[in-house]
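Below is one structure, written out as structure tokens, with a few remarks after it.
Numbering (the working numbering), first residue to last: 392 to 761.
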């Protein structure tokens, strides 16, 4: 090796030695942006949602109760003993069906007596008329006095009145006899049975309660601040007790002009077609009225919004950390469980459910590597 080559080789060795020395003393930089000992929260991709711009119509929340449109208390019309009650609670009945029968033996005897009295009155009228027909020519020939004629005419009038009275008695007896059988005024369902066979009842004693469930009414309460947006003809969409997964619809037919003093809410009445008979009187209902005027903005699920010290907040993942962001909640979509908010940007990732307080500000790691 020549002297010149040796000098070049020594220079290269020195350069590499200098590089190694620099690397040896250079501060070690962590491969992670955060300390491995720093607490973190581990999430799955199903725990978050990416918020987007959404159009939401104005949904006005309502709560209420289902009530039958037609319900009737069937009362006894006449005094007597109950002979038979042919139905029980929950049974469907047809219009005109006999539901309760009272013992009619006394009324049958009374009708027979009234009919006999009518026959007697008619016979006496016929005799009085015959007597009048006989006296009239005699009086014209001066064989009978004017008093005889007047008495004969008076007897005919009396017998006519007696016949009319007897006819009324027969009609009344027949009506009372018919009233001993209590019939359904319309097709419906028995909701309550109030008497049993053998009981004695007076007129107007309640016997049965009957409801028609083919149409029901939702009596819904609307906040007074929202009632201005409610109109007759709008549709209420709702769920009811026992049918949480099924949505029903009713059209608003009436709006109460007066708000309730305690709650400051207004009753709104919606007619609901219930041909399948699923809805029953007294069920609690929860739903909304949809206004057609839509608004656009960033929407988050209802579950993501938390109230804290009077402020609405959602939890956002920013720079891989969990951050509480104050928001203002606007229009809601009850059907989709979404609400428009201000304070977020489209594309941000939001937790579907509020985290534990100690997890705020922590690093977020995803199990699925998202």
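The beta-carbon is built from N, C-alpha and C at its ideal position, and this holds for glycine as well.
Keeping to the same chain, check which residues put their C-beta closer than 7 Å to that of residue i; ignore five residues upstream and five downstream.
i, result
"residue 570", "468, 469"
"residue 750", "432, 713"
"residue 480", "581, 582, 583, 584"
"residue 499", "568"
"residue 664", "606"
"residue 492", "474, 475, 571, 572"
"residue 466", "595, 596, 597, 598"
Quick one: what's got a C-beta closer than 6 Å to residue i's C-beta in the same chain, skipping five residues either side?
i, result
"residue 744", "694"
"residue 464", "597, 600"
"residue 543", "522, 523, 526"
"residue 756", "431, 433"
"residue 681", "448, 450"
"residue 488", "575"
"residue 618", "657"
With residue i and residue j assumed to form a contact (beta carbons below 8 Å), what rounded beta-carbon distance in angstroms separates them?
i, j, result
"residue 628", "residue 673", "Not a contact, Cβ separation roughly 20 Å."
"residue 482", "residue 573", "Not a contact, Cβ separation roughly 15 Å."
"residue 630", "residue 676", "7 Å"
"residue 656", "residue 457", "Contact doesn't hold; Cβ gap of about 17 Å is too wide."
"residue 560", "residue 508", "7 Å"
"residue 633", "residue 661", "In fact, because the Cβ distance is near 19 Å, the residues do not count as touching under 8 Å."
"residue 342", "residue 484", "Absent from the model: residue 342. The displayed extent of the chain is 392 to 761, so no value can be given."
State the start and end residues of the unbroken alpha helix (DSSP H) segment that holds residue i.
i, result
"residue 674", "No alpha helix (DSSP H) holds residue 674; DSSP gives it neither H nor E."
"residue 496", "496-531"
Using a Cβ-Cβ cut-off of 8 Å (strictly less than) and excluding sequence neighbours within five positions of residue i, which residues of its own chain qualify?
i, result
"residue 546", "519, 522, 523"
"residue 556", "512"
"residue 691", "440, 442, 705, 718, 729, 730, 732, 735, 741"
"residue 549", "519"
"residue 720", "696, 703, 730, 731, 732"
For residue i, report the span of its beta strand (DSSP E) as first-last.
i, result
"residue 661", "656-664"
"residue 490", "489-493"
"residue 753", "That residue, residue 753, is in no beta strand (DSSP E); it is neither H nor E in DSSP."
Problem set entry | Uninterrupted alpha helix (DSSP H) stretches inside the segment 431-486 (no shorter than 4 residues) | For the segment 431-486, not one full-length alpha helix (DSSP H) segment reaches 4 residues or more.
For this session: Write down every uninterrupted run of the beta strand (DSSP E) in the segment 567-652 whose length is 3 residues or greater and which is fully enclosed by it, in chain order.
Result: 572-574, 579-584, 597-614, 626-631, 634-646
For this session: Could you pull out every unbroken beta strand (DSSP E) segment of at least 3 residues lying fully inside the segment 667-744, listed in chain order?
Result: DSSP runs (the beta strand (DSSP E)) wholly in the segment 667-744: 675-692, 697-699, 702-709, 712-724, 729-733, 740-742.
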